[in-house]
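Below is one structure, written out as structure tokens; the observations come after it.
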Amino acid sequence: MLNPDEIREWIKKAENDFDGALYLSRRRKKPLPDLVCFHCQQSAEKYLKAFLILNNSSFPKTHDLIVLLNLYKKYDPDLELYLDLFEYINPYSVQFRYPGDEVDISEAKNAIKQIKKIRKIMRMKFPAYLFDIEAD
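Under numbering that gives the first Met the number 0, the residue at position 8 of the sequence shown is numbered 7, and the numbers go up by one with no gaps.
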């Protein structure tokens with residue numbers, strides 16, 4: 000049976016990651032672009048998982064947005080139109096969390112642009128009653 004509270008929790012976590020990415024992106028001293036990008040990816044991941052839960056679908060333990068998007072397509076094939084948005088931020092879950100590859104501020108700004116678009120699209124996929132009354 001559908002559990003609205005569980006979906007709300009996933010949406011809340013997605014929103015927390017979105018808010019965290021925005022907050023970190025506004026830091027002037029000691030910018031943290033890798034964390035901005037990470038939280039952008041995490042927000043998208045949690046929105047996809049919330050939608051799958053909404054549709055009583057299970058999903059593997061993964062951070063790969065493309066894997067989740069392929070599951071999502073069964074319920075909403077239109078989301079594939081936005082594949083490029085998800086592909087852009089997909090590597091930020093793991094690739095930049097460890098020494099080696101680095102992201103810069105311009106990449107973080109671009110990740111913010113992508114997650115804003117993803118968030119807008121994803122929020123339209125859920126019934127309004129699942130959202131807390133809050134300002135966007």
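Here a beta-carbon is modelled for each residue, glycine too, at the ideal position from N, C-alpha and C.
- [ ] Answer with buried or exposed for Y46, where buried requires no fewer than 16 other C-beta atoms within 10 angstroms of its C-beta.
- [x] Buried: at least 16 other Cβ atoms inside 10 Å.
Open item on the list: Three or more C-beta pairs under 8 Å: does that hold for the segment 60-68 against the segment 96-103?
Closed with: Flag = no, the segment 60-68 and the segment 96-103 do not touch.
Open item on the list: Suppose you measure from the CA of P90 to the CA of L21; what does that come to, to the nearest Å?
Closed with: Using only the alpha carbons, I get a separation of about 19 Å.
Open item on the list: Please classify S92 as buried or exposed, where buried requires at least 16 neighbouring CB atoms within 10 angstroms.
Closed with: It is buried - the Cβ of S92 has at least 16 other Cβ atoms within 10 Å.
Open item on the list: Taking its Cβ as the centre, do 16 or more other Cβ atoms sit within 10 Å of A13, making it buried, or is it exposed?
Closed with: A13 should be labelled buried.
- [ ] Look at I111 and F85 and say whether their C-beta atoms are less than 9 Å apart.
- [x] No.
Task: Inter-residue spacing [alpha-carbon to alpha-carbon] between S42 and N2 - done: Computed Cα separation, rounded: 20 Å.
Task: Counted within 10 angstroms of its Cβ, other Cβ atoms place P126 as buried (16 or more) or exposed - done: P126 should be labelled exposed.
Task: Burial state of K28, where buried means 16 or more other Cβ atoms lie within 10 Å - done: Under this definition K28 is an exposed residue.
TODO: Rounded to whole angstroms, what's the CA-CA distance from F37 to A107? Just pull it up for me.
DONE: Rounded to whole angstroms, F37 to A107 spans 9 Å at the Cα level.
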